[in-house]
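Have a look at the structure below before the remarks.
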Amino acid sequence: MQKPLAVLNKAINQQVIVELKGKRGYRGTLDGYDPHMNLVLKNAEEIHEDKVVKKIESTIVRGDNVIYISP
Amino acid sequence: MQKPLAVLNKAINQQVIVELKGKRGYRGTLDGYDPHMNLVLKNAEEIHEDKVVKKIESTIVRGDNVIYISP
Amino acid sequence: MQKPLAVLNKAINQQVIVELKGKRGYRGTLDGYDPHMNLVLKNAEEIHEDKVVKKIESTIVRGDNVIYISP
Amino acid sequence: MQKPLAVLNKAINQQVIVELKGKRGYRGTLDGYDPHMNLVLKNAEEIHEDKVVKKIESTIVRGDNVIYISP
Amino acid sequence: MQKPLAVLNKAINQQVIVELKGKRGYRGTLDGYDPHMNLVLKNAEEIHEDKVVKKIESTIVRGDNVIYISP
Amino acid sequence: MQKPLAVLNKAINQQVIVELKGKRGYRGTLDGYDPHMNLVLKNAEEIHEDKVVKKIESTIVRGDNVIYISP
Amino acid sequence: MQKPLAVLNKAINQQVIVELKGKRGYRGTLDGYDPHMNLVLKNAEEIHEDKVVKKIESTIVRGDNVIYISP
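Chains as they are written, first to last, in the numbering used here: chain A, 83 to 153; chain B, 83 to 153; chain C, 83 to 153; chain D, 83 to 153; chain E, 83 to 153; chain F, 83 to 153; chain G, 83 to 153.
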């Protein structure tokens with residue numbers, strides 16, 4: 083048994099895929115999070131329908147948009 | 083009478099089906115949860131209209147997307 | 083005068099109909115609930131436009147999807 | 083000046099009309115409520131575009147679906 | 083400087099226009115409110131695209147539907 | 083560094099533009115606010131696609147509809 | 083590991099891109115924030131589908147509209 087936030091914590095400095103509401107996704111290095119699942123991603127790519135549409139050096143994603151995070 | 087979170091707790095390490103808003107579903111092993119129904123799934127499959135569209139080793143699903151969880 | 087949660091409590095082990103947002107409904111035995119109206123249903127049937135589309139042995143429904151529950 | 087919940091309280095055992103999001107309405111006897119405006123209705127009729135579409139002996143309506151309640 | 087709830091309080095027993103999400107509006111006498119902006123209206127008219135579609139003697143409007151209230 | 087509510091406070095008695103969800107906007111004098119960003123506007127104009135569609139002497143806007151406020 | 087709000091704090095007085103729900107974006111200098119991710123932007127440009135549609139000297143963005151903030 084692992085709590086969701088503990089799994090997030092282990093994923094720090096690792097590559098994650100973040101799927102957001104509205105068909106938007108990110109792939110990047112998880113640099114931080116908080117209990118609302120607000121996330122900090124580094125060296126991220128924004129993905130729309132399997133294509134990279136933007137490269138973003140650093141971004142703060144607001145947690146209420148998150149569907150899932152895959153370490 | 084069983085509280086919803088107690089039923090979730092018994093489902094740890096078992097196969098569950100998770101139905102999300104937006105016609106998205108997952109089948110996988112429940113590895114964790116918290117009181118918001120944030121979930122950790124292992125060896126999961128993403129399902130869209132009864133077809134497996136993706137395999138995911140491990141994923142954190144944010145609870146506010148969940149419609150139901152079937153152990 | 084009966085509080086909504088008291089009525090839910092009396093419906094434990096009884097057949098209920100649960101109507102969810104998004105035209106989804108369930109019929110099953112109420113096995114549990116919590117103050118958020120998260121529900122546990124046993125021997126449930128998922129109903130879509132008056133037709134049974136799935137049988138589910140046990141399911142946890144997240145309360146924020148619920149429109150009404152009829153004991 | 084009357085607080086909304088005080089008006090609800092006076093409507094106990096009286097006929098009310100409840101309008102929900104998504105063009106759904108109920109007419110029935112108010113049997114209970116709580117501070118979230120979760121409601122218990124007895125001898126209720128579900129109304130869709132001014133037509134009675136279902137009769138329901140007793141139902142618990144989750145408050146976050148409510149637009150208005152008319153005693 | 084006037085706090086929003088103080089302005090609501092001064093509007094008690096006065097005619098107000100209430101605009102709700104979903105193109106629904108009410109005109110009536112404000113009979114009560116609470117901090118969630120749940121409202122009690124008396125002698126109200128429901129308005130849809132500038133036409134009166136219903137007359138309602140008394141109604142409790144749930145605050146989360148409100149866009150604005152004009153005293 | 084200025085906190086959002088401090089900026090709102092400085093805008094009291096000044097002209098502001100308020101953009102709401104659902105393509106609705108207001109221009110008027112900010113007469114009050116609270117921590118939920120509920121607002122009181124005076125001598126306001128409702129704007130829809132850059133046209134003034136209504137003049138409103140005084141209005142209380144519920145904060146959860148607000149996208150941005152420009153002093 | 084950096085908390086999301088700590089990253090926001092470091093971005094004060096720097097250029098940020100803010101993406102909102104509903105295909106709306108802003109580019110401007112971050113002048114303030116609070117724990118809800120309400121933001122103050124200075125010398126901002128509103129962007130719609132990669133085009134600048136408006137220039138705004140100062141604006142308060144309500145946090146619940148935010149998808150991401152890129153310093």
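Virtual Cβ for every residue (Gly too), placed ideally from N, Cα, C.
Note that the structure is a prediction, hence the values are computed from the model and not measured.
- Following the DSSP letters along the chain, one finds residue 125 (chain F) inside the beta strand (DSSP E) bounded by residues 121-130.
- By the Cβ neighbour-count rule, residue 86 (chain B) is buried, with 16 or more other Cβ atoms within 10 Å of its own.
- One alpha carbon belongs to residue 130 (chain E), the other to residue 96 (chain B), and they sit about 52 Å apart.
- Its chain contains 98, 99 as the residues whose beta carbon lies nearer than 7 Å to that of residue 152 (chain B), once the 5 sequence neighbours on both sides are disregarded; these appear in chain order.
- Contact annotation: the stretch 109-117 of chain B does not touch the stretch 138-148 of chain A, with fewer than three C-beta pairs closer than 8 Å.
- Along the stretch 129-145 of chain D, the positions whose C-beta sits under 8 Å from a C-beta of chain C are 138, 139, 140, 141, 142, 143, 144, read in chain order.
- With 16 or more neighbouring CB atoms inside 10 Å of its own CB, residue 110 (chain A) falls in the buried class.
- Taking 8 Å as the threshold, the shortest C-beta distance from residue 108 (chain G) to chain A does not fall below it.
- Per DSSP, residue 85 (chain B) lies in no beta strand (DSSP E) segment and is marked neither H nor E.
- Going by DSSP, residue 142 (chain F) is part of the beta strand (DSSP E) stretching over 133-143.
- Residue state for residue 116 (chain G) is assigned as coil, using DSSP reduced to three classes.
- Following the DSSP letters along the chain, one finds residue 99 (chain F) inside the beta strand (DSSP E) bounded by residues 97-102.
- Beta-carbon to beta-carbon, residue 112 (chain C) and residue 121 (chain C) are separated by about 7 Å, close enough to satisfy the 8 Å threshold.
- Under a criterion of Cβ atoms nearer than 9 Å, no residue of chain E is adjacent to residue 122 (chain D); the nearest Cβ is some 15 Å distant.
- For residue 151 (chain G), the enclosing beta strand (DSSP E) stretches over residues 148-152.
- Contacts with chain D at 8 Å (Cβ-Cβ) include residue 102 (chain E).
- When only Cα atoms are considered, residue 136 (chain G) and residue 93 (chain F) end up about 20 Å apart.
- Burial check for residue 134 (chain F): the Cβ neighbour count within 10 Å stays below 16, so the residue is exposed.
- Counting C-beta atoms within 10 angstroms of its own C-beta, residue 107 (chain B) has 16 or more neighbours from the protein chains shown and is therefore classed as buried.
- Burial state of residue 139 (chain G) is exposed, judged by a 10 Å Cβ sphere holding fewer than 16 other Cβ atoms.
- Not flagged as an interface residue toward chain D: residue 149 (chain E), since no C-beta distance is shorter than 8 Å.
- For residue 84 (chain E), the nearest CB of chain F lies under 8 Å from its own CB, placing it at the interface with that chain.
- By the rule that beta-carbons nearer than 8 Å mark a contact, residue 94 (chain B) touches chain A.
- Residue-level contact check: residue 112 (chain A) does not touch chain B, since none of the beta carbons of chain B fall below 8 Å from its beta carbon.
- Here residue 126 (chain F) has 108, 110, 138, 141 as same chain residues with Cβ atoms under 6 Å from its own Cβ, once five neighbours each way along the sequence are excluded.
- Take the alpha-carbon of residue 105 (chain B) and the one of residue 91 (chain E): they are about 45 Å apart.
- With distances taken between CA atoms, residue 128 (chain F) lies nearest to E:149 out of E:84, E:149, E:83.
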